[in-house]
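Numbering (UniProt numbering), first residue to last: 1 to 475. Just so it is clear, CB atoms sit at the ideal spot from N, CA and C, and this is done for glycine as well. Below is one structure, written out as structure tokens, with a few remarks after it.
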């Protein structure tokens, strides 16, 4: 059966080091790899696996030592390798998080000249009379063979930036630097050391792809160069997706052009629209949800998502982070990324934990009923819909209707005359039959979503132990 590519992020910002059974993330993935595959996923995105400055309490982005795979929140090196092997044996792609912008947690180095620069224009002094000053900053990482000459800036806190004497900021980077000790991509030694680490890492664990952190803070050719070297070394077309947090679609298009269409991007404009839609209720025009998004403009390079570790609702008794979609709009948001045939969507574990039934239903529909010709009806500010004709000789046509207002309805074609349909979400308990031309009026509940499938497919999907499917890994 043809599979729709779907990425699972089986962790979040608040994932504890040990779950209720005393297992780390790596060990849970070893145990649950086959469950993940059976749930319809094709790839898994792992968190940073290198030691961070906060040790086992760190989420992983304050990278301290690229080569230390033992001192992380998620488990040790042995368990990481075993988890990757288990995922591969389950025919799942394994994507690794790479943090190349900075290092944090070095040792002090004396006598460094710095200049306080503007936060939003880091090539200009903070004040006209700003002077160079000597300071002690933690730029020595002897375990990596790095010192202050390998960095161009230092952030003493979340507000100030000090440029190091003799250095400049990457003009090609959209916003450079980000934090900690900012790696200097003008240094060929930095480039070669990153590539050496990349080759070593691939020799230690299985790598099918990368998620590159904070790419807008790094010159595009810096990330593309690393990816190209890894692809050449591996003799494979390694997948890559970059985190470029910007809502302006034009900025994302510019980055894609600069990286020659080799690096996909998370569809931040779409995610922010979903957040606004959940905040504004029926005042938001949902017919415009896909306008100005990567999923519409460049679907082969788009990774649409609802949540991630940076943008997640409250979970594990902790507060929310970033921009998150309200629960009332979560079914509509996931319908838009999972029940369509464009983009390479990501599902966050915050949602597999908070909305397990909805996610399981949608994943079944994605793998069985998103094929054939798609007909869109984005022609009303509060109710939209689309349909799939399915494959010839198969009972896998589908019609999806969603609304942010009153009870909604859409007249949609399925290409299946005189065929009975039922709502697989079970939000509406009656059936609908198409006319002699294969059209019908499909409905959805107020402020909700319905996904109508052929009755034979409905019964078949329900009969396959749907209700007893195990939950995906989480804590």
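Short CB-CB distance (under 8 Å) between residue i and chain D
i: residue 325; result: Among the protein chains of the structure shown there is no chain D, as only one such chain exists.
Nearest-angstrom Cα separation, counted from residue j out to residue i
i: residue 43; j: residue 360; result: 16 Å
i: residue 133; j: residue 117; result: 12 Å
i: residue 276; j: residue 255; result: 25 Å
i: residue 192; j: residue 264; result: 24 Å
i: residue 474; j: residue 166; result: In this predicted model, residue 474 has a pLDDT of only 49, less than 50, meaning its place in the structure is not dependable; the value taken from the coordinates is given anyway. Cα to Cα, the separation comes out at about 47 Å.
i: residue 211; j: residue 319; result: 25 Å
i: residue 120; j: residue 326; result: 31 Å
i: residue 257; j: residue 227; result: 16 Å
i: residue 378; j: residue 287; result: 5 Å
i: residue 14; j: residue 307; result: 14 Å
i: residue 468; j: residue 169; result: Bear in mind that the predicted position of residue 468 carries a pLDDT of just 42, short of 50, making it unreliable; the figure below should be weighed with that in mind. In a straight line, the C-alpha of residue 468 is about 55 Å away from that of residue 169.
i: residue 299; j: residue 342; result: 5 Å
i: residue 353; j: residue 80; result: 23 Å
i: residue 406; j: residue 278; result: 15 Å
i: residue 21; j: residue 76; result: 17 Å
i: residue 466; j: residue 301; result: Confidence in residue 466 is poor, its pLDDT being 47 and thus under 50, which makes the residue's placement too unreliable to answer from.
i: residue 180; j: residue 328; result: 38 Å
i: residue 464; j: residue 138; result: 57 Å
i: residue 38; j: residue 135; result: 56 Å
i: residue 33; j: residue 87; result: 5 Å
i: residue 10; j: residue 400; result: 27 Å
i: residue 196; j: residue 347; result: 32 Å
i: residue 109; j: residue 151; result: 12 Å
i: residue 2; j: residue 57; result: 40 Å
Enclosing beta strand (DSSP E) for residue i [first to last residue]
i: residue 197; result: Segment 188-204 is the alpha helix (DSSP H) holding residue 197; no beta strand (DSSP E) there.
i: residue 414; result: Counting along the chain, residue 414 falls outside any beta strand (DSSP E), and DSSP gives it neither H nor E.
i: residue 431; result: 431-433
i: residue 377; result: 374-377
i: residue 427; result: Residue 427 -> no beta strand (DSSP E), and no H or E assigned at all.
i: residue 439; result: 439-444
i: residue 45; result: 43-46
i: residue 238; result: First-last for residue 238: undefined, no H or E at that position.
i: residue 405; result: Where residue 405 is concerned, there is no enclosing beta strand (DSSP E), given that its DSSP letter is neither H nor E.
Identity of the residue in the options nearest residue i by Cα
i: residue 436; options: 424, 418 and 429; result: 418
i: residue 502; options: 261, 189, 131 and 391; result: Nothing can be reported for residue 502, as the shown portion of the chain is limited to 1 through 475.
i: residue 65; options: 398, 49 and 80; result: 49
i: residue 122; options: 153, 39 and 147; result: 153
i: residue 356; options: 334, 369 and 287; result: 334
i: residue 185; options: 292, 197, 149 and 207; result: 149
i: residue 63; options: 342, 440 and 144; result: 144
i: residue 314; options: 3, 351, 52 and 460; result: 351
i: residue 251; options: 216, 235, 261 and 358; result: 216
i: residue 200; options: 67, 398, 450 and 56; result: 67
i: residue 101; options: 220, 408 and 89; result: 220
i: residue 305; options: 151, 329, 338 and 292; result: 338
i: residue 428; options: 444, 416, 40 and 438; result: 444
i: residue 24; options: 412, 237 and 46; result: 46
i: residue 147; options: 53, 282, 190 and 209; result: 190
i: residue 29; options: 94, 142, 156 and 54; result: 94
i: residue 125; options: 204, 138 and 160; result: 160
i: residue 249; options: 69, 88 and 273; result: 273
i: residue 380; options: 408, 370 and 364; result: 408
i: residue 97; options: 17, 187, 241 and 89; result: 241
Limits of the unbroken alpha helix (DSSP H) element including residue i
i: residue 383; result: First-last for residue 383: 383-388, but that is the beta strand (DSSP E), not the alpha helix (DSSP H).
i: residue 359; result: 356-369
i: residue 226; result: 220-234
i: residue 26; result: 25-38
i: residue 461; result: 455-463
Beta-carbon proximity check, residue i vs residue j, cutoff 8 Å
i: residue 113; j: residue 183; result: no
i: residue 213; j: residue 99; result: yes
i: residue 6; j: residue 269; result: no
i: residue 107; j: residue 73; result: no
i: residue 92; j: residue 162; result: no
i: residue 373; j: residue 389; result: yes
i: residue 452; j: residue 422; result: yes
i: residue 449; j: residue 425; result: yes
i: residue 206; j: residue 84; result: yes
i: residue 416; j: residue 391; result: no
i: residue 267; j: residue 293; result: yes
i: residue 446; j: residue 403; result: yes
i: residue 322; j: residue 312; result: yes
i: residue 457; j: residue 396; result: yes
Which parts of the stretch 249-330 are runs of the alpha helix (DSSP H), unbroken and 4 residues or longer, counting only runs that do not cross its ends? 249-258, 268-280 and 294-297
Where in the stretch 137-171 do unbroken runs of the beta strand (DSSP E), each at least 3 residues long, occur, reported from the N-terminal end onward? 151-154 and 161-164
Continuous alpha helix (DSSP H) assignments of at least 4 residues falling wholly in the stretch 54-131: 77-89
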